[in-house]
Structure formats: C-alpha cells, structure tokens
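Using my numbering, the first residue of the sequence shown is number 1316, and each one after it goes up by one.
The beta-carbon is built from N, C-alpha and C at its ideal position, and this holds for glycine as well.
Just so we're clear, the structure is a prediction, and the values are computed from it rather than from any experiment.
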Amino acid sequence: MKATGVVRRIDDLGRIVIPKEIRRTLRLREGTPLEIFTDREGEIILKKYSPMAELGAFASQCAEALAQGSGHMVCVTDRDQVLAVAGGLKKDCLQKPLSRQLEQFLDSREVRSAARGGKDFVEPTEGGLEEAEAETIAPILCQGDVIGAVILLAKEAKTPMGETEQRLAVTAAGFLGRQMES
C-alpha cells in the first residue's frame, strides 16, 4: 500500500474527505460507488465498485463468442477499464484504463462506428491501440445507467464497420446489461 502523507479527521457524522489529488488520480467523481473492506490489522480499504466486474467470466465468454462470430477483436469494459478481450490484443489492453475520450463518449449513450483518422474515432484505452483501424462502440446499459461498453475493433482499415457490427455490439451490450439486472 502506498503512503500519501495525508491525514484526515472523521467528522461528527462519521465522514472523511478524500483529498482532491487522490480523487483526480483515481478518477473518483461525485456519486462514484465505493466498496469498503477491513482487514485484520485494522486497515480500511476503499475500492471503486464495478458492477461489471461481477460478470468477468461471463463477459469473457461473451467477448470470445462475439469475436468468433464477427472475426473482429472484441473488448468488454466497465466505466474504468477493459474487463475482457477476445480475438487478439489481450496483453495490450486487458485491465488497461479507458481513455478520457471514451469515458466522455459513453456519457452520450450513442452507438458509433468509425475508422481511424476519422473525426468520430475514439481511442479505447489510454495510450491507444495502434492495431485498431476501425471500431464500433455500444454502451452497456443497466437500469438506465451506462455501466460499460462492448467494442468491436478491426485490424485493417479495409474492413468497414457498418450496420451489422453495430447490431452485434448492441445485442451483446443489451445481453450483458440484462445479466446485470437479474
């Protein structure tokens, strides 16, 4: 565990303030759900809660099936990182943080296909994925909230992402969202 040197007192309502620098570094915004753990040494551990993380194995199977059926690389994300990858790129993007551009795009709740170099292309992860020349992104919705995305990626610019890829991504995203609701 990394020491920050910051000390905070608990107020009369049992609250503590997480310093702005830590919130910014960990991308904690107002309303971000946190899990609270304790250990035997008396430490309190705060962890960002990801409802999609509960579906890790299921998301991997879904990504694998989608990659086999479409012939594209597939990433399944929560709001913070890539949870599952199939069809290649595993070492390049599994558990990598999402790009700020993708985070902002997910807020729009749009489904989009784009080619690299186009104005609508969104880098999926911080640092980008150089192998991806075209993409289709569909948000995963659960009870009206965006909880992640299904992203199809093509290695070749010649492989256009069209209506079929959008329907596949939307179907997979809808399926994952319904799994979270049940």
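As the crow flies, the alpha-carbon of G1459 is around 12 Å from that of G1489. Ranking T1486, E1471 and G1492 by CA distance to the CA of M1388 puts E1471 first. The three-state secondary structure of G1463, taken from DSSP, is strand. Secondary structure note for A1401: its beta strand (DSSP E) is the uninterrupted segment V1397 to A1401. Assigned with DSSP and collapsed to three states, R1427 falls in strand. Within the region 1351 to 1389, the runs of beta strand (DSSP E) at least 3 residues long that lie entirely inside it are, in chain order, 1359 to 1363. Distance check between E1450 and each of L1381, G1433 and L1468 places L1468 closest, using alpha-carbon atoms only. In this structure, the alpha-carbon of D1435 lies about 11 Å from that of L1417.
By the Cβ-count criterion, D1393 is buried, with 16 or more other Cβ atoms from all chains shown falling within 10 Å of its own Cβ.
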